[in-house]
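Enquirer: Numbering (the working numbering), first residue to last: 352 to 449.
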């Protein structure tokens with residue numbers, strides 16, 4: 352996968368893993384589980400904002416106007432999962448699925 356070379360995509364995956372681990376820790380009454388959740392949420396927010404910027408600044412040759420609008424709406428409405436979906440669909444330049 353070409354997305355594994357994108358730092359924003361890696362941060363998104365790490366944030367999902369950290370949030371999942373935090374849920375397990377909180378279920379087992381681990382005292383610092385909430386702090387782990389905050390760290391995962393902070394990384395998820397950074398990833399979400401980074402993807403919004405990435406979609407909105409995509410060059411004219413990369414995304415058409417209706418594609419950019421579609422991806423912006425999807426990324427903003429479904430924060431982390433919309434961003435992950437954008438990165439899965441947009442693996443190579445000048446080739447995107449909508």
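All C-beta atoms, glycine included, are put in the ideal place defined by N, C-alpha and C.
None of these values were measured; they are calculated from a predicted model.
For the alpha helix (DSSP H) that residue 382 lies in, which residues bound it at each end?
Expert: Mapped onto the chain shown, residue 382 falls at position 31. Looking at the DSSP string, residue 382 is not in any alpha helix (DSSP H), and its letter there is neither H nor E.
Enquirer: How is the alpha helix (DSSP H) around residue 372 delimited, first residue to last?
Expert: Locating residue 372 in the chain shown gives position 21, where the first residue counts as 1. Where residue 372 is concerned, the enclosing alpha helix (DSSP H) stretches over 358-378.
Enquirer: Assess contact between the segment 387-394 and the segment 369-376, defined as three or more Cβ pairs (one per stretch) separated by less than 8 Å. Is contact present?
Expert: Yes, since at least three Cβ pairs between the segment 387-394 and the segment 369-376 fall closer than 8 Å, the two stretches touch.
Enquirer: So, using beta-carbon positions, are residue 398 and residue 433 closer together than 8 Å?
Expert: Counting from 1 along the chain shown, the entry for residue 398 is found at position 47. Counting from 1 along the chain shown, the entry for residue 433 is found at position 82. In this structure, residue 433 does not lie closer than 8 Å to residue 398 by Cβ.
Enquirer: Going by other Cβ atoms of all chains shown within 10 Å of its Cβ, with 16 needed for buried, is residue 402 buried or exposed?
Expert: Within the chain shown, residue 402 is the residue found at index 51, counting from 1. Its Cβ being crowded by 16 or more others within 10 Å, residue 402 is buried.
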